[in-house]
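In terms of our numbering, the sequence shown opens at residue 798 and continues consecutively.
We treat Cβ as the ideally placed atom computed from N, Cα and C, and that holds for glycine.
Everything on this sheet refers to the single structure shown next.
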Amino acid sequence: MSRLLQSIFGTKHEREVKRLTPLVDQINALEERWKKLSDAELAGKTAELKQKLENGASLDDILVPAFATVREAGRRVLGMRHYDVQLIGGMVLHQGKIAEMKTGEGKTLVATLPCYLNALEGKGVHVVTVNDYLARRDAEWMGKLYGFLGLSTGVVVPGQSNAEKKRAYQCDITYGQNNEFGFDYLRDNM
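What follows is the structure, encoded as structure tokens:
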């Protein structure tokens, strides 16, 4: 019976992809318009999107233009264009869900989408990596994209002074290892 229902309605994963596909189509529909923007106009999208949030829009309301902005900035700054499946991965992460990806499938690039979107609220976004090397690498690499769009990027690694950590945490997007974030939280709240 379960297989019969699955063949009719699809798996949970297939239903989720089908649900998100219209958003991907909307992002794709903006691509040619965004390509025609000057660098200053594209970077100016950050202020426009922040203004929409201040005027009462939700993050979900601005997801499509925000993802289109990051995709185009990634193409210009990094020479990397987010594929449709990566857009879906970014949406899944934005929803607070887990998106399993293999080595080489672009996890670092996928993360730029929900990081940018959520950083627009001005509350700070933390990107947790498994080691200090990845935290440094990703902060430097993806920091170019975020910087182009007017956002600041920091990194928290062992051996930093309190002042260095404070500056990193004040950034729009902060990269760090899980241990550093965890122990900093404990130190701050004990």
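Could you check the C-alpha separation between residue i and residue j for me, to the nearest Å?
i: residue 827; j: residue 819; result: 13 Å
i: residue 898; j: residue 880; result: 14 Å
i: residue 840; j: residue 831; result: 11 Å
i: residue 835; j: residue 987; result: 49 Å
i: residue 814; j: residue 885; result: 7 Å
i: residue 921; j: residue 859; result: 18 Å
i: residue 954; j: residue 974; result: 7 Å
i: residue 944; j: residue 904; result: 19 Å
i: residue 958; j: residue 981; result: 12 Å
i: residue 876; j: residue 946; result: 15 Å
i: residue 854; j: residue 846; result: 9 Å
i: residue 817; j: residue 871; result: 21 Å
i: residue 738; j: residue 923; result: What is shown of the chain runs 798 to 987, which leaves residue 738 out entirely.
Out of the options, state which residue places its alpha-carbon closest to the alpha-carbon of residue i.
i: residue 883; options: 870, 857, 869, 910; result: 910
i: residue 821; options: 868, 856, 852, 838; result: 868
i: residue 895; options: 887, 934, 848; result: 887
i: residue 936; options: 960, 928, 972; result: 972
i: residue 878; options: 985, 907, 977; result: 907
State the DSSP-derived secondary structure class of residue i, mapped to helix, strand or coil.
i: residue 970; result: strand
i: residue 950; result: strand
i: residue 891; result: helix
i: residue 806; result: Note that residue 806 has pLDDT 47, beneath the 50 cutoff, so the model's placement of it is unreliable and no number is given.
i: residue 927; result: coil
Would you say residue i reaches chain B, if we count a Cβ-Cβ gap shorter than 7 Å as a contact?
i: residue 849; result: The structure shown contains no chain B, having only a single protein chain.
Round the Cβ separation of residue i and residue j to the nearest angstrom and send it over; I've been treating them as touching at under 8 Å.
i: residue 941; j: residue 874; result: 5 Å
* Asked: Is there contact between the segment 900-920 and the segment 862-871, where contact requires at least three CB pairs shorter than 8 Å?
  -> These segments touch.
* Are at least three pairs of beta-carbons, each pair with one atom in the segment 957-970 and one in the segment 887-894, less than 8 Å apart? -> The segment 957-970, when compared against the segment 887-894, does not touch it at the 8 Å Cβ threshold.
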